[in-house]
Amino acid sequence: MAPDLAYKLVSGRLPFAGTILDSVLILLVPVHNPDGLALVHEWFTRHRNTRFEAGPLPWLYNKYTGHDNNRDWFTFTQVETRLTVEKIYNVWHPQVVLDMHQMGRYGARLFVPPYVDPVDSNVAPTLVAEMNDLGTFVQAWLTANGFAGVVSSALFDAFTPARAYPNYHGAIRFLTEVASCRLTRAVDIPPGKLRGTVDFNPVRRSANFPLPWPGGRWTFKDVVSYHEAAAHALLLHVARNRSTWVKNSVSVLAEQCRWKGWPAGFLIPREQHDPSAAEDLVRVLRTGQVDVYTVKSGSEQGGLFVPLAQPYGAFAKTLLEVSHYVPPRVGKQERTPYDVTTHCLPLLFGVRVEPLSQVPPLWEQVDHFGARHESFRRDTRALWLDGRANGAYAVVNFALGKGALVQRLLKENRFEEEVWPAGSFVVSGDPLTLSNAARLADSLRVPWGVSSSVPESAEQLRVKLAPVGLYRSWTASMDEGWTRWILEKYRFHVATLRNEDLRSGVWADSVRVLVIPSMPVGRILTGRDTTSVPADYAGGLGVKGLETLRRFVRSGGTLVLLGQSVALADSIFGLKLVDGRTRKGRKYRIPGALLSGRVRTGDLATLGMPGEAALMCTTPPVLNPQVGEALVIFRSDSLLLSGWGRGLDVLRGRPALVRLRVGQGTVFAFAFRPQFRAWTRGTYKLLFNTLLQYTE
1086 MAPDLAYKLV SGRLPFAGTI LDSVLILLVP VHNPDGLALV HEWFTRHRNT RFEAGPLPWL
1146 YNKYTGHDNN RDWFTFTQVE TRLTVEKIYN VWHPQVVLDM HQMGRYGARL FVPPYVDPVD
1206 SNVAPTLVAE MNDLGTFVQA WLTANGFAGV VSSALFDAFT PARAYPNYHG AIRFLTEVAS
1266 CRLTRAVDIP PGKLRGTVDF NPVRRSANFP LPWPGGRWTF KDVVSYHEAA AHALLLHVAR
1326 NRSTWVKNSV SVLAEQCRWK GWPAGFLIPR EQHDPSAAED LVRVLRTGQV DVYTVKSGSE
1386 QGGLFVPLAQ PYGAFAKTLL EVSHYVPPRV GKQERTPYDV TTHCLPLLFG VRVEPLSQVP
1446 PLWEQVDHFG ARHESFRRDT RALWLDGRAN GAYAVVNFAL GKGALVQRLL KENRFEEEVW
1506 PAGSFVVSGD PLTLSNAARL ADSLRVPWGV SSSVPESAEQ LRVKLAPVGL YRSWTASMDE
1566 GWTRWILEKY RFHVATLRNE DLRSGVWADS VRVLVIPSMP VGRILTGRDT TSVPADYAGG
1626 LGVKGLETLR RFVRSGGTLV LLGQSVALAD SIFGLKLVDG RTRKGRKYRI PGALLSGRVR
1686 TGDLATLGMP GEAALMCTTP PVLNPQVGEA LVIFRSDSLL LSGWGRGLDV LRGRPALVRL
1746 RVGQGTVFAF AFRPQFRAWT RGTYKLLFNT LLQYTE
């Protein structure tokens, strides 16, 4: 569609092309995910004219995140996101962003705004109204030109900034979703197979669905035509109303500069449990063009201040405050949230942030948080790293890879007049390795120090370099992709293990820790069959794979199970870890909320963690408190920190992270997602600790 649209515009073959080009500056990004396009194209070419040509692909259509790259617009972890934000949005400051997607084939033919409720209250009312006006125009234009099956006010909400960077920057994110066929192949859809939602009936006219599609043949040409027509209509509207769009955008940003509401801004105190996470938070704000200031020296409040009276203060506010999600109702029916219901970065990152009612004296704008460290000395024999900082693990993995000796403190240690908390690391080795490790620690804002001697104590363990195995099913998992991205970012040595690898058992000699990401156990065990994928990609772990895992753990290996995969412990060892009885007859759903957990500090698996943590939960399995040792427990009171969930009582006082001793090995079972979408910096350490191997 993209090159065809460009051609028709510049050649004048698109109606009103002159009007559009005279009034609108168009930046066309033909594909945001070029790697994914290449992967799908290669698969289609290889399997053309077979039943497998349209997939499903046995791998993600992105190196790490699959279509979760569309959930990265407020943490900016992926290179595609950063390039789009830093080189397009923050340079050109568009008033309208047309974000084009595809959806399933059995519903409406095309979605256009208005969105359904809830819309984030931090999005300016003017922008919401403009979104509704533009969507109504596009739907009317399409309907008048015979494009049936266009629905609005259905399916998608505008609650989270994870999908909508423009909405907080004086612009609108105008989403379109077109029904798909089989890649380039047409499909035949009888009317009886069409499916609606609580918002519309697919075969009946309604205010938000004025011209139903009657069913029939749906082609690749239809996919292209619907999207091109939607783009044409949008461009025509903004061309005819150019001055209004520009003036309203300026007005929204100017109004934000006059912010007088509560709070006046947010203080990020200088003293943080993990300064590197605080640095990550500041980086996110600065990438989003939010100004951050140091509080003037001598003020009672030390740290950084983020005023909300600035052009992009709405972006700061929605990221820094607790997310208040209230599920809307359609008649007597509660609308299911489209995505997660929280995006509170201080809770996700484990950073203390305080709302302020008044603006403190400001001193200077800053670009980073900073961390305590010393100068590297010539007589340095040991580098000390604060183990409360996520970045310390990256430095440790770097040092181990260079052959350095790394020890971990089990208790607080005072050495050469410096106090280092339990969980801190001491690195010793050649001067060049220590110097480079210190530079890396600086870049990651890890507090570090040096000493002229290496401590010797019974209350420390030596950290070993141990490759981590990460299970990668042929049923592609975005949770696996995110986990792989995080482990690589923090310099863990990761070996990808497929079904056939786990069944063979040859990996067990080189890998001592195996991580299985969140996936339904049935999908892990059986995978897909040969009717949907070629034989090389069919099947799962099966009975043989379970037996291999059983031997691996009993002989001393560590198995880390995340989210839904914790039920695998029951399949492998015949346990009753997942307590299904507590969910019978109850309505239990947590589409993505932050719940409060109590951490059993002082344990090797929880070193570096505070006593309480915000746990990211997506309908977590309910764990049996009678099985294993609970290292993290869901609080009985004040459980919900941010977002929304139903039936939360079943989790109160239940284990959130369990350690099981099986033979000579260990199983760690996470009911929550400690690495969810690379958002949850506050619980990374719980995962990282399970991956480290020690020797006394």
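Note that the numbering used here has the sequence shown beginning at 1086, numbered continuously upward. All C-beta atoms, glycine included, are put in the ideal place defined by N, C-alpha and C.
(message) On the CB-based measure, 16 or more other CB atoms within 10 Å of its CB, does ALA1479 come out buried or exposed?
(response) buried
(message) Here's the rule: buried if 16 or more other CB atoms are within 10 angstroms of the residue's CB, otherwise exposed. What is THR1329?
(response) exposed
(request) For ILE1081, write down the residues that DSSP places opposite it in a beta bridge. (result) As displayed, the chain neither begins before 1086 nor continues past 1781, which places residue 1081 out of reach and without an answer.
(request) Taking all protein chains shown into account, decide if SER1721 is buried (16 or more other Cβ within 10 angstroms of its Cβ) or exposed. (result) exposed
(request) May I have the straight-line CA-CA distance separating HIS1152 from TRP1144, to the nearest angstrom? (result) 12 Å
(request) For the beta strand (DSSP E) holding THR1686, just list the boundary residues, first then last. (result) It is not in any beta strand (DSSP E) - THR1686 carries neither H nor E in the DSSP assignment.
(request) Could you give the DSSP three-state label for HIS1322: helix, strand or coil? (result) helix
(request) State yes or no: is the C-beta of VAL1436 within less than 9 Å of the C-beta of LEU1470? (result) Result no, Cβ atoms of VAL1436 and LEU1470 do not sit closer than 9 Å.
(request) Consult DSSP for LYS1669 and reduce its assignment to one of helix, strand or coil. (result) Unreliable positioning characterises LYS1669 in this predicted model, as indicated by a pLDDT of 49, which lies under 50. The coordinate reading is nonetheless provided below. LYS1669 carries a coil assignment under DSSP once its states are collapsed to helix, strand and coil.
(request) My understanding is that PHE1222 touches HIS1322, with C-beta atoms under 8 Å, so please give their C-beta distance in whole angstroms. (result) 5 Å
(message) Please return the same chain residues whose Cβ sits closer than 6 Å to the Cβ of THR1372, not counting the five positions on each side in sequence.
(response) PHE1161
(request) Given a cut-off of 9 Å, decide if SER1206 and HIS1409 are closer than it, judged by their beta-carbon atoms. (result) yes
(message) Buried or exposed, going by whether 16 or more other CB atoms sit within 10 Å of the CB of GLY1670?
(response) Bear in mind that a pLDDT of 45 at GLY1670, under 50, signals an unreliable position, so the model cannot answer this.
(message) I need the boundaries of the alpha helix (DSSP H) containing PRO1119, first residue and last residue.
(response) 1119 to 1131
(request) Apply the 10 Å Cβ neighbour rule to ASN1118 and answer buried if 16 or more other Cβ atoms are within range, or exposed otherwise. (result) buried
(message) Tell me the DSSP secondary structure of GLU1697 in three-state form.
(response) strand
(request) Using three-state DSSP, classify TYR1779 as helix, strand or coil. (result) The answer is strand: DSSP assigns TYR1779 an E or B state.
(message) Let me confirm a value: ASP1273 is counted as buried when at least 16 other C-beta atoms fall within 10 Å, else exposed. Which label applies?
(response) Here ASP1273 is exposed: its Cβ has fewer than 16 other Cβ atoms, across all protein chains shown, within 10 Å.
(request) Consult DSSP for MET1086 and reduce its assignment to one of helix, strand or coil. (result) coil
(request) On the DSSP bridge assignment, give the partners of ASP1242 in chain order. (result) VAL1201
(message) For a quick check, are the C-beta atoms of ARG1608 and ALA1623 less than 9 Å apart?
(response) Contact annotation: ARG1608 and ALA1623 have beta-carbon atoms that are not nearer than 9 Å.
(request) Figure out for me which residue from TRP1764, GLY1350 and PRO1251 has the closest Cα to the Cα of GLU1439. (result) Distance check between GLU1439 and each of TRP1764, GLY1350 and PRO1251 places GLY1350 closest, using alpha-carbon atoms only.
(request) Tell me where the beta strand (DSSP E) around LYS1661 begins and ends. (result) Neither: LYS1661 is in no beta strand (DSSP E) and is coded neither H nor E.
(request) Return the chain-ordered list of same chain residues with a C-beta closer than 8 Å to the C-beta of LEU1389, the five sequence neighbours on each side being excluded. (result) LEU1352, ILE1353, ARG1355, VAL1367, VAL1377, TYR1378, THR1379, VAL1380, VAL1451 and PHE1454
(message) Please report the straight-line C-alpha distance between LEU1485 and LEU1106, rounded to a whole angstrom.
(response) 58 Å
(message) Mapping the DSSP letters down to three states, classify ILE1111 as helix, strand or coil.
(response) coil
(request) Grab the span of the beta strand (DSSP E) containing TYR1556 for me, first residue to last. (result) 1553 to 1556
(request) Whole angstroms is fine: what's the gap from VAL1208's alpha carbon to TYR1253's? (result) 6 Å
(message) What does the Cβ neighbour count give for PRO1297, buried or exposed, with the cut at 16 atoms within 10 Å?
(response) buried
(request) Just tell me which of GLY1687, LEU1370, LEU1490 and TRP1570 has its CA closest to the CA of GLU1497. (result) GLY1687
(request) Measure the beta-carbon distance from GLY1677 to ASP1464 and round it to whole angstroms, keeping in mind my assumption that it falls under 8 Å. (result) Contact doesn't hold; Cβ gap of about 51 Å is too wide.
(request) Report yes if the CB atom of PRO1602 is closer than 9 Å to the CB atom of TYR1556, and no otherwise. (result) yes
(message) Residues in the same chain with beta-carbon distance under 7 Å from SER1681, minus the five sequence neighbours each way, listed in chain order, please.
(response) Excluding the 5 residues flanking it on each side, SER1681 has same chain C-beta neighbours closer than 7 Å at GLU1697, ALA1699, ARG1720, SER1723, LEU1724 and LEU1726, in chain order.
(request) Would you decide whether ASN1230 is buried or exposed? Buried here means 16 or more other CB atoms lie within 10 Å of its CB. (result) By the beta-carbon neighbour count (other beta carbons within 10 angstroms, threshold 16), ASN1230 is exposed.
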